[in-house]
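Novice: Chains as they are written, first to last, in the UniProt record's numbering: chain A, 1 to 848; chain Y, 1 to 130.
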Amino acid sequence: MNQNYDFLASVCSCANDLICVLNQDGEFLFSGGGVYPLTGFLPEELTGRSIKTLCSASGWETMRQGFDRLTQGLAAPLFETQLQHRTGEWKRIQWSLSPSGEEGALVAIGRELPAKNIVQTGEFRHEALYRILVAHGTDMAALINEKGEYIYIGGSSNALTSLGYRPENLLGRSFLEFTHPEDLAKLQALLAETLAATQPIQIPELRFRDATGNWHWVEVTVINQLYNPKINALIVTSHDITERIQTRQQLQESEQRFKALFENNPSTILLEDRNGMVLDVNPALLHKFGVQKADVVNHSIYSFLPADLVPVCKEMIQRVLAGNKLKFELELPVCGQENRILEVNKIPVKIGSEIAAVYTIAKDITQVTTYYKTVQRQAQKLNTIFESITDAFFTLDRNWHFTSINSEFARVLGVDRNDLIGQKLSVLNLGKAYKKYFKQLKQAAETGESIHFEIFLNHKLIWLEVRVFPSEEGLSVYFTDVTEKVKARQELEKLSLVANKTINGVIFIDAGKIIEWVNEGFTNLTGYTAAEAIGQNAGHLLHGPDTDQAVSARIKNNLQFHKPFREEILNYKKTGEKLWFALDFSPVLNNEGKLSRYIVIQTDITYRKEAEAAQLQLTKDLYRQNRDMQQFTYIVSHNLRGPVANAMGYAQVLTETNPDTPVFREMLANLKTSVFRLDGVLKDLNQILSIRDNKDNIGLEKVDLAANCRKAVASLQESLESCQAEVKLDIKEGTLVHGNKTYLHSVFYNLLSNAIKYRSPERRLQITIATTEQGFKGTTISFSDNGSGFDLQKAGDQVFKLYKRFHHHTEGRGIGLFLVKTHIEAMGGQIEVSSQVDNGTTFLIQLK
Amino acid sequence: MNVFLIDDDELSTFLTRHWLVREGLCEEVQTFISAEEALTSLEQCPDYLLPQVIFLDLNMPVMSGWEFLDALSPQAARLKSRTQIYILTSSLDLNDEMRSKDYDLVAAFIHKPIKSEDIQLIRFHTGIYN
Numbered sequence: 001m002n003q004n005y006d007f008l009a010s011v012c013s014c015a016n017d018l019i020c021v022l023n024q025d026g027e028f029l030f031s032g033g034g035v036y037p038l039t040g041f042l043p044e045e046l047t048g049r050s051i052k053t054l055c056s057a058s059g060w061e062t063m064r065q066g067f068d069r070l071t072q073g074l075a076a077p078l079f080e081t082q083l084q085h086r087t088g089e090w091k092r093i094q095w096s097l098s099p100s101g102e103e104g105a106l107v108a109i110g111r112e113l114p115a116k117n118i119v120q121t122g123e124f125r126h127e128a129l130y131r132i133l134v135a136h137g138t139d140m141a142a143l144i145n146e147k148g149e150y151i152y153i154g155g156s157s158n159a160l161t162s163l164g165y166r167p168e169n170l171l172g173r174s175f176l177e178f179t180h181p182e183d184l185a186k187l188q189a190l191l192a193e194t195l196a197a198t199q200p201i202q203i204p205e206l207r208f209r210d211a212t213g214n215w216h217w218v219e220v221t222v223i224n225q226l227y228n229p230k231i232n233a234l235i236v237t238s239h240d241i242t243e244r245i246q247t248r249q250q251l252q253e254s255e256q257r258f259k260a261l262f263e264n265n266p267s268t269i270l271l272e273d274r275n276g277m278v279l280d281v282n283p284a285l286l287h288k289f290g291v292q293k294a295d296v297v298n299h300s301i302y303s304f305l306p307a308d309l310v311p312v313c314k315e316m317i318q319r320v321l322a323g324n325k326l327k328f329e330l331e332l333p334v335c336g337q338e339n340r341i342l343e344v345n346k347i348p349v350k351i352g353s354e355i356a357a358v359y360t361i362a363k364d365i366t367q368v369t370t371y372y373k374t375v376q377r378q379a380q381k382l383n384t385i386f387e388s389i390t391d392a393f394f395t396l397d398r399n400w401h402f403t404s405i406n407s408e409f410a411r412v413l414g415v416d417r418n419d420l421i422g423q424k425l426s427v428l429n430l431g432k433a434y435k436k437y438f439k440q441l442k443q444a445a446e447t448g449e450s451i452h453f454e455i456f457l458n459h460k461l462i463w464l465e466v467r468v469f470p471s472e473e474g475l476s477v478y479f480t481d482v483t484e485k486v487k488a489r490q491e492l493e494k495l496s497l498v499a500n501k502t503i504n505g506v507i508f509i510d511a512g513k514i515i516e517w518v519n520e521g522f523t524n525l526t527g528y529t530a531a532e533a534i535g536q537n538a539g540h541l542l543h544g545p546d547t548d549q550a551v552s553a554r555i556k557n558n559l560q561f562h563k564p565f566r567e568e569i570l571n572y573k574k575t576g577e578k579l580w581f582a583l584d585f586s587p588v589l590n591n592e593g594k595l596s597r598y599i600v601i602q603t604d605i606t607y608r609k610e611a612e613a614a615q616l617q618l619t620k621d622l623y624r625q626n627r628d629m630q631q632f633t634y635i636v637s638h639n640l641r642g643p644v645a646n647a648m649g650y651a652q653v654l655t656e657t658n659p660d661t662p663v664f665r666e667m668l669a670n671l672k673t674s675v676f677r678l679d680g681v682l683k684d685l686n687q688i689l690s691i692r693d694n695k696d697n698i699g700l701e702k703v704d705l706a707a708n709c710r711k712a713v714a715s716l717q718e719s720l721e722s723c724q725a726e727v728k729l730d731i732k733e734g735t736l737v738h739g740n741k742t743y744l745h746s747v748f749y750n751l752l753s754n755a756i757k758y759r760s761p762e763r764r765l766q767i768t769i770a771t772t773e774q775g776f777k778g779t780t781i782s783f784s785d786n787g788s789g790f791d792l793q794k795a796g797d798q799v800f801k802l803y804k805r806f807h808h809h810t811e812g813r814g815i816g817l818f819l820v821k822t823h824i825e826a827m828g829g830q831i832e833v834s835s836q837v838d839n840g841t842t843f844l845i846q847l848k
Numbered sequence: 001m002n003v004f005l006i007d008d009d010e011l012s013t014f015l016t017r018h019w020l021v022r023e024g025l026c027e028e029v030q031t032f033i034s035a036e037e038a039l040t041s042l043e044q045c046p047d048y049l050l051p052q053v054i055f056l057d058l059n060m061p062v063m064s065g066w067e068f069l070d071a072l073s074p075q076a077a078r079l080k081s082r083t084q085i086y087i088l089t090s091s092l093d094l095n096d097e098m099r100s101k102d103y104d105l106v107a108a109f110i111h112k113p114i115k116s117e118d119i120q121l122i123r124f125h126t127g128i129y130n
């Protein structure tokens, strides 16, 4: 390469032209020849530098286009640029470009042109003038020979340049070559015609190819000058009419478009003249009204309209004729159908400054109108619904503006709704609650979920229940004034707190005694939790075996009257422990005066009841002791005093009696008997008092009944045998009773002694002792004899009394049965007696 | 002089009888150890044989002294002018003494054992001094 350049350099050194090799960016790869005189730079100074720095932007652009053509394998035309000398002087350079043989590099040869245009040589001044005129016109002029080949190119250089050609590109080539194939036949025909004529032949609208391959519309005039020896050619002048053709085509297209718009428009279109004569109608109109074009065109429009519409339409047309566009709605009756509503547009058609006709475009908006009316009706309905909502209500759009408000809302908050519509939510005075309120609304809007809350308006002292329903449009908000409800609830909460914390039991029951609610006090007292108690019958839950049925029945009865009442009743805890309650029943009536429930307050009065019972017991004990005292006095005054009186009498009488007499001895014996009797009574008293004093201390145990009974029989064996008594024991072996051995022995001993004492003299004594098991009641012992018996009716309740006797002529002191009863009772048992005179006596003893 | 003694306590009747005889109030005492027997006897007794004096014990089985007095009330009119009833009891109970005053037939209330003063009183009452 460098060798090539060296060779070039030696060749160029003697050349006057600027010879250089440039790459595509215009950088000098090599320069030589007249480089210094033309640029002021030495070749080595230019290498690596771009020619762009020496020429103007347009100059470089022209040069670059030349490069491109060469790259595409096309010939590059000569062209001219300005080039700046190192001194700043601009020089005109004519360039010719050729390939360098290397990829991306080309050879450029620049020759300096003289400072002024060189006018082509001409023979005549008028010719020169003519050339100038032609050169500065817009037409291209050329001479072609008979074959159609260009032999001279002249005329406007602009015209030629606009096609991208230089004269040398055309010379020698056929005019036909550049003509559009479709136009060729026409051109050839006309050329043939020209050859035969002397008159200029005009060839309209011919397509001519430019240097880039695009087609230009040209208007060509051919003048046959073959016969003119000075010219001997056909003069061809051409004029570029591309723009005109395009304009005409656009006009045609827009006409087509208009036509299509008219023909295919779904709206009915009618064209009328100033007098209302129909000039044209579109197919939509024909279709719509079911008429033929001939029925309408050239008829007066008014002949188609109902009489009452004519004046209106006439007035309308006058206004359009005054130059206004009009738009109005027209209700048109249609035979056998609903009236059609038309939206009519009237547009004046101006020709010049005069309005020649009027277009009427009518659109059937019946459906739309109907739909609109329906929407309006629905909106009206909706509004009625809004107003009929008894809750306060409003809606907000997404920007927190009020879109609707009902009258209840305005009433509750004391606002004028017209003031609020369209205003921001924040205009609403909600006092301190606003923040909380807004937060809730915001949450609803963000989550899209409806919410429900209560707020207190402290400036109005009311509670509102708010329900918020978000939608795409915004929020719908409902208010209810719940002040009363909230107050009642708060009151109830307080009461509930009191009820719950009191130590008394508090329960709610319905009229059927079913428990609805219990407090903690109830649970503490009874041991039943709320869950165990609720739903239960209070009576079933709390009453037990010792609960007074009469009180229970009285409560049941009182519950019917819906009046407060009070009762005391024995209840049972969950553990079975007894619990006395004072119950205060208070009925709760609803608004209609009907019973909704009873509130029952339970006060634990177990201690009081126990104290009362203890007091009662104490009274009983005192009474008994008092009675005992009386009885003791009686015993002392009668039974103790009797033997004492006797002893005193005998002691007295003995002193006055002669000891040696039998009477004295009898008296002495009687004195002795009296003293022994006295001792007997004292022993009895001692026994009675000791039983009573030890009543709570005796050891009770399981005692073998049969064994004890046999023992008592054995101890009286002698007496029984002496009277030949028969004792029959029918006691199941191993029968155990709750008792005391000594007492049990005393019981059997006394009963057996009585049976012997009061046996019938008429028959042999028979004693039967039998037992029957009575389950949990214990054992019943039946003691029967066939003795003399006694008159039970007469004896009455005296049978078991101390020192009561029912027989004469016996040694009985009247203490036996008293002891029997006392002993049995001390063992927790009971005794009854039945007797018939001369038949026998039966004692029934109940022991546990 | 006709005297009834109604008392179930034989030790006591022996002693009473001894005193009455010894004091010379009567020679014989008709003794009943059961009030019922005495009642039957009185009912069957003609007026001229009615005792002038009846000694009556209170504390007796089957029929007590009080019951005897109650049972006697139908004959009260017949007895009133002829018979004086003396309650002779070992009881020191004041109630008994008070109660005895309710019975017109009862002349006096005497605590056992019977003493000379009691017999003097009976003599005074009855006017019998032999």
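Backbone N, C-alpha and C fix where the C-beta goes; we use that ideal spot for every residue, glycine too. Since we're looking at a predicted model, the values are computed, not measured.
For a contact meaning CB atoms closer than 9 Å, what does Y/Leu121 contact in chain A?
Specialist: Numbered from 1 along the second sequence, position 121 holds the residue referred to as residue 121 of chain Y. The contacting residues do not exist; Y/Leu121 stays about 17 Å from chain A at best.
Novice: For A/Gly699 and A/Tyr743, what's the separation of their Cα atoms in angstroms?
Specialist: The sequence position of residue 699 of chain A within the first sequence is 699, counting from 1. The sequence position of residue 743 of chain A within the first sequence is 743, counting from 1. The straight-line gap from Cα to Cα measures roughly 11 Å.
Novice: Any beta carbon of chain A sitting closer than 7 Å to that of Y/Ser100?
Specialist: Along the second sequence, read from residue 1 onward, the residue named residue 100 of chain Y stands at position 100. Chain A, which has no Cβ nearer than 7 Å to the Cβ of Y/Ser100, makes this no.
Novice: In whole angstroms, what separates the C-alpha of A/Val750 from that of A/Ile509?
Specialist: Counting from 1 along the first sequence, the entry for residue 750 of chain A is found at position 750. Counting from 1 along the first sequence, the entry for residue 509 of chain A is found at position 509. A small fix is needed here, since residue 750 of chain A is Asn in this sequence, not Val. Those two C-alpha atoms are separated by around 60 Å.
Novice: Within 10 angstroms of its Cβ, does A/Lys116 collect 16 or more other Cβ (buried), or is it exposed?
Specialist: As a position in the first sequence, residue 116 of chain A is number 116, starting the count at 1. With a pLDDT of 47 at A/Lys116, under the threshold of 50, the modelled position of that residue is not reliable, and the figure given next carries that caveat. With fewer than 16 other Cβ atoms within 10 Å, it is exposed.
Novice: Could you pull out every unbroken beta strand (DSSP E) segment of at least 3 residues lying fully inside the region 281 to 329 of chain A, listed in chain order?
Specialist: You should have found no qualifying run.
Novice: If you drop the 5 nearest sequence neighbours on each side, which residues of the same chain put their C-beta closer than 8 Å to that of A/His180?
Specialist: Numbered from its first residue, the first sequence carries residue 180 of chain A at position 180. Excluding sequence neighbours, A/His180 sits near Leu206, Arg207, Phe208, Arg209, Trp215.
Novice: Among Y/Lys112, Y/Arg22, Y/Val106, which residue has its Cα nearest to the Cα of Y/Leu79?
Specialist: In the second sequence, residue 79 of chain Y corresponds to position 79, counting from 1. It is Y/Val106.
Novice: Near A/Gly734, what residues of its chain come up, given a Cβ to Cβ distance below 6 Å and the 5 sequence neighbours on each side ignored?
Specialist: Position 734 of the first sequence, counting from 1, holds the residue named residue 734 of chain A. Hits under 6 Å: none found.
Novice: For chain Y, find out if any of its Cβ atoms is closer than 7 Å to the Cβ of A/Asn839; answer yes or no.
Specialist: Counting from 1 along the first sequence, the entry for residue 839 of chain A is found at position 839. Cβ-Cβ to chain Y under 7 Å: no for A/Asn839.
Novice: Anything in chain A within Cβ reach of Y/Ser91, meaning under 7 Å, just list it in chain order.
Specialist: The count along the second sequence starts at 1 and reaches residue 91 of chain Y at position 91. Result: Ser637, His638, Arg641.
Novice: Take A/Ser476 as the anchor and find which of A/Ala499, A/Gly422, A/Ser404, A/Leu271 has the nearest alpha-carbon.
Specialist: Locating residue 476 of chain A in the first sequence gives position 476, counting from the first residue. The shortest C-alpha separation from A/Ser476 is found at A/Ser404.
Novice: Starting from Y/Arg123, follow the alpha helix (DSSP H) in both directions and report where the run begins and ends.
Specialist: For the purposes of this step, residue 123 of chain Y is taken as residue 123 along the second sequence, with counting starting at 1. Element bounds for Y/Arg123: 116 to 126.
Novice: What separation, rounded to the nearest whole angstrom, lies between the Cα atoms of A/Lys513 and A/Thr547?
Specialist: For the purposes of this step, residue 513 of chain A is taken as residue 513 along the first sequence, with counting starting at 1. For the purposes of this step, residue 547 of chain A is taken as residue 547 along the first sequence, with counting starting at 1. Cα-Cα distance, rounded: 16 Å.
Novice: Given this structure, state the Cα-to-Cα distance separating A/Leu321 from A/Val349, to the nearest angstrom.
Specialist: Position 321 of the first sequence, counting from 1, holds the residue named residue 321 of chain A. Position 349 of the first sequence, counting from 1, holds the residue named residue 349 of chain A. Each residue's alpha carbon lies about 9 Å from the other.
Novice: Just to confirm, are Y/Leu88 and Y/Ile110 a CB contact at a threshold of 7 Å?
Specialist: To locate residue 88 of chain Y, count along the second sequence from 1; it is residue 88. To locate residue 110 of chain Y, count along the second sequence from 1; it is residue 110. Yes, the Cβ-Cβ distance between Y/Leu88 and Y/Ile110 is below 7 Å.
Novice: Of the choices A/Tyr650, A/Ser407, A/Gln836, A/Thr655, whose alpha-carbon is the least far from that of A/Ser674?
Specialist: Along the first sequence, read from residue 1 onward, the residue named residue 674 of chain A stands at position 674. Closest option to A/Ser674, Cα to Cα, is A/Tyr650.
Novice: Would the region 549 to 564 of chain A count as touching the region 522 to 534 of chain A if we require 3 or more Cβ pairs under 8 Å?
Specialist: No, they do not touch.
Novice: Taking only beta-carbon positions, decide if Y/Asn2 is within less than 7 Å of chain A.
Specialist: Indexing the second sequence from 1 puts residue 2 of chain Y at position 2. Not closer than 7 Å to any Cβ of chain A, the Cβ of Y/Asn2 fails to qualify, so no.
Novice: Please return the same chain residues whose Cβ sits closer than 7 Å to the Cβ of A/Ser715, not counting the five positions on each side in sequence.
Specialist: Counted from its first residue, the first sequence places residue 715 of chain A at position 715. Cβ neighbours of A/Ser715 beyond the five flanking positions: Tyr749.
Novice: Along chain A, in chain order, which residues have C-beta atoms closer than 8 Å to that of Y/Asp9?
Specialist: Translated into positions along the second sequence, residue 9 of chain Y becomes position 9. Gly642, Asn646, listed in chain order.
Novice: Along chain Y, which residues have their Cβ under 9 Å away from the Cβ of A/Val653?
Specialist: Taking the first residue of the first sequence as 1, we reach residue 653 of chain A at position 653. Ordered by position in chain Y, the residues that pass the 9 Å Cβ test against A/Val653 are Leu15, His18, Trp19, Arg22, Pro113.
Novice: Note down the Cα distance separating A/Leu184 from A/Leu176, rounded to an integer number of angstroms.
Specialist: As a first step, residue 184 of chain A is located in the first sequence; it is residue number 184 there, counting from the start. As a first step, residue 176 of chain A is located in the first sequence; it is residue number 176 there, counting from the start. So the alpha carbons of these two residues sit roughly 7 Å apart.
Novice: Note the first and the last residue of the continuous alpha helix (DSSP H) segment covering A/Ile691.
Specialist: Residue numbering aside, residue 691 of chain A sits at position 691 when the first sequence is read from its first letter. Counting along the chain, the alpha helix (DSSP H) containing A/Ile691 begins and ends at 662 to 694.
Novice: I'd like to confirm the pairing. Which residues does DSSP put opposite A/Trp517 in its beta bridges?
Specialist: Residue mapping note: residue 517 of chain A aligns to position 517 of the first sequence, counting from 1. A/Phe508.
Novice: Between Y/Pro46 and chain A, is the shortest Cβ-Cβ distance under 7 Å, so that the two count as touching?
Specialist: To locate residue 46 of chain Y, count along the second sequence from 1; it is residue 46. Taking Cβ atoms only, chain A never reaches closer than 7 Å to Y/Pro46, which makes this a no.
Novice: Listed from N- to C-terminal order along the chain, which residues in the region 51 to 67 of chain Y have their beta-carbon within a distance smaller than 7 Å of any beta-carbon of chain A?
Specialist: Answer in chain order: Asn59, Pro61, Val62.
Novice: Does any residue of chain A have a CB that is nearer than 7 Å to the CB of Y/Ser12?
Specialist: Position 12 of the second sequence, counting from 1, holds the residue named residue 12 of chain Y. Closer than 7 Å to some Cβ of chain A, the Cβ of Y/Ser12 qualifies, so yes.
Novice: For my contact list, A/Asp273 and A/Ala357 are in at a C-beta cut-off of 8 Å; report their separation, rounded to the angstrom.
Specialist: On the first sequence, position 273 is the one that residue 273 of chain A refers to. On the first sequence, position 357 is the one that residue 357 of chain A refers to. With a Cβ gap of about 5 Å, A/Asp273 and A/Ala357 count as contacting.
Novice: Look up A/Lys350 in the DSSP assignment and say whether it is helix, strand or coil.
Specialist: As a working mapping, residue 350 of chain A is identified with position 350 in the first sequence. Three-state DSSP puts A/Lys350 in a strand.
Novice: With 16 as the cutoff for other CB atoms within 10 Å, does A/Gln120 come out buried or exposed?
Specialist: Locating residue 120 of chain A in the first sequence gives position 120, counting from the first residue. Reliability of the predicted coordinates at A/Gln120 is poor, the pLDDT of 41 falling under 50, and no value is obtained from them.
Novice: Quick one: using the 10 Å Cβ neighbour count with 16 as the cut-off for buried, is A/Thr81 buried or exposed?
Specialist: As a working note, residue 81 of chain A is residue 81 in the first sequence. Buried: at least 16 other Cβ atoms inside 10 Å.
Novice: I'd like the span of the beta strand (DSSP E) that includes A/Gly840, first residue to last.
Specialist: For the purposes of this step, residue 840 of chain A is taken as the residue at position 840 of the first sequence. Segment 840 to 847, the beta strand (DSSP E) holding A/Gly840.
Novice: Just grab the DSSP bridge partners of Y/Ser34 for me.
Specialist: Against the second sequence, residue 34 of chain Y aligns to sequence position 34. According to DSSP, Y/Ser34 bridges with nothing at all.
Novice: Jot down the residue ranges of each uninterrupted alpha helix (DSSP H) in the region 600 to 661 of chain A, minimum 4 residues, whole runs only, in chain order.
Specialist: Those alpha helix (DSSP H) runs which fall completely within the region 600 to 661 of chain A and span 4+ residues are 606 to 634, 641 to 655.
Novice: So the alpha helix (DSSP H) Y/His18 belongs to, where does it begin and stop?
Specialist: For the purposes of this step, residue 18 of chain Y is taken as the residue at position 18 of the second sequence. From DSSP, the alpha helix (DSSP H) with Y/His18 extends over 10 to 23.
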